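Numbering (numbering that gives the first Met the number 0), first residue to last: 0 to 141. Beta carbons are placed, not taken as given, at the ideal position from N, Cα and C, and that holds for glycine. All figures in this text were calculated on a predicted structure; none of them were measured in a lab. Written below as structure tokens is the structure these notes are about.
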Amino acid sequence: MGGFKRIDTGAFLARVLYPMFVVFATYNTSGYSFYHWIIDPVDEDLILKLIAAGLLGFGYYNIGEISILSLQRTGFLMVTVTCSAVAWYIIDKEWIKIESREDLINAMQFTVVMIMAIGLSYAHVHYRIGGIKQVEEARNIP
0 MGGFKRIDTG
10 AFLARVLYPM
20 FVVFATYNTS
30 GYSFYHWIID
40 PVDEDLILKL
50 IAAGLLGFGY
60 YNIGEISILS
70 LQRTGFLMVT
80 VTCSAVAWYI
90 IDKEWIKIES
100 REDLINAMQF
110 TVVMIMAIGL
120 SYAHVHYRIG
130 GIKQVEEARN
140 IP
């Protein structure tokens, strides 16, 4: 298989936990997030806040770059529409009840996490289905 590792449960779990950490570390409804830390006027540790912002920014960049590379723009749009429709269906069937603003925010964040996780995992799935490896092409940077 040319050194291309099979995606198993642990690998998929890692690809779910990575965007989950990035999304919920940025903002969550519990009050313990980067957003809440930034707006806290008491904590003046600016350098540490800049480091955390850089790490979260790199996380979003990394996930977005891999997702767009593997899914392409049209596939990314299709995954976004599909995950959003699935979330809407789950809420409409009342499998998950939205009773407050916090519930809605959490549902939206989990939808974003699933979109990101599918984007991170799709390169492996695409290789299994079609035998095509995703390779980043050299970019012409002016």
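On the criterion of 16 or more Cβ atoms from any shown chain inside 10 Å, does residue i qualify as buried, or is it exposed?
| i | result |
| --- | --- |
| V124 | exposed |
| A116 | buried |
| P18 | buried |
| S145 | Residue 145 lies beyond the residue range present for the chain, which begins at 0 and ends at 141; the question has no answer from this structure. |
For the alpha helix (DSSP H) that contains residue i, what are its first and last residues?
| i | result |
| --- | --- |
| N61 | L45 to D91 |
Can you find the residues in the same chain that come closer than 8 Å, C-beta to C-beta, to residue i, ignoring five residues on each side of it along the sequence?
| i | result |
| --- | --- |
| I65 | G118, L119 and A122 |
| M0 | Caution is warranted here: a pLDDT of 46 is assigned to M0, below 50, making its placement in the model unreliable, and no coordinate value can be reported. |
Keeping to the same chain, check which residues put their C-beta closer than 7 Å to that of residue i; ignore five residues upstream and five downstream.
| i | result |
| --- | --- |
| Y59 | V21 |
| L103 | I97 |
Look at the alpha carbon of residue i and the alpha carbon of residue j, and state the distance between them as a whole number of angstroms.
| i | j | result |
| --- | --- | --- |
| D7 | R14 | 11 Å |
| D91 | M77 | 21 Å |
| L70 | V85 | 19 Å |
| A10 | F75 | 21 Å |
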